[in-house]
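The structure appears right after this line, and notes come after that.
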Amino acid sequence: MNDLNVRLKAVLEAFIFSSQEPVSFKHIQKFYPDLKEDTFRMIIKEINDEYKASFRPFHIVELAMGWVLVTREEFSDDLKKMHKHTMKMRLSKAALETLAVIAYKQPITKIEIEKLRGVDSVHMLKNLLKRKLICMNGRKDVPGCPILYVTTDQFLRHFGLKHLQDLPRVDEFVKVVE
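Residues in the sequence shown are numbered from 4 upward in steps of one, following my numbering.
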């Protein structure tokens with residue numbers, strides 16, 4: 004690898020490490036217009052190979068909207084113990100239930116959510132909107148034109164998903180919850 008590629012690899016690693024948000028290839032390409040996506044992916048793979056070879060506790064993964072540096076799965080149990088009291092975003096069972104309904108049925112109205120849950124959901128929706136896990140996404144074309152709710156990229160990042168298709172199937176999800 005030539006000096007330019009070594010520097011590019013270091014810059015990409017530093018940028019992904021220091022970013023608060025996922026880093027998209029399109030964003031990187033603004034600064035390196037000649038960089039091809041396959042070359043970018045190869046560089047990420049090389050970085051990850053180096054991390055793995057030196058038993059580093061993290062790796063770079065592609066999630067919604069870009070690439071992020073995350074802790075490797077094998078360290079999760081230890082980290083959960085160490086961070087037990089400092090979880091960044093705790094959700095109540097009611098909030099998780101509401102979020103699951105939205106994730107699996109989106110776009111969905113408040114009335115439809117409440118019908119599925121059997122309880123008023125206005126406070127849960129406000130909470131999830133405040134945390135940016137859901138957003139309003141237009142209105143349903145029915146009388147009254149109720150607001151439609153969908154999950155956000157923040158939802159995908161929070162749950163470590165790349166796409167909504169990565170959600171467990173509903174029957175698998177029900178088994179886990181039971």
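Ideal Cβ placement from N, Cα and C applies to all residues, glycine included. All figures in this text were calculated on a predicted structure; none of them were measured in a lab.
By the Cβ test, the region 147-158 is in contact with the region 101-109, since at least three Cβ pairs between them sit closer than 8 angstroms. DSSP places Thr42 within a helical segment (H, G or I) once states are collapsed to three. Beta bridge pairing from DSSP links His62 with Val73. Listed in chain order, the non-local C-beta contacts of Phe43 below 6 angstroms within the same chain comprise Phe28, local neighbours out to five positions each way being set aside.
Gly69 sits away from Pro36, with the two beta carbons spaced by 7 angstroms or more. Secondary structure within the region 95-168: the alpha helix (DSSP H) runs of 4 or more consecutive residues, fully enclosed, are 96-108, 113-120, 125-133, 156-161 (chain order). With contacts defined as CB atoms closer than 7 angstroms, Leu132 and Ala67 fail to qualify as a contacting pair.
The continuous alpha helix (DSSP H) containing Leu82 extends over residues 79-85. With a cut-off of 8 angstroms on Cβ pairs, the region 129-145 is not in contact with the region 47-57, counting fewer than three such pairs.
By the CB criterion at 7 angstroms, Val104 and Ile116 fall inside the cutoff. Closest in C-alpha terms to Val73, from the list His62, Asn130, Tyr54, comes His62. When rounded, the separation of the alpha-carbon atoms in Ser22 and Lys96 is 31 angstroms. Phe18 and Ser57 have their C-alpha atoms spaced approximately 21 angstroms apart. In terms of Cβ geometry, Phe78 and Pro60 form a close pair [threshold 7 angstroms].
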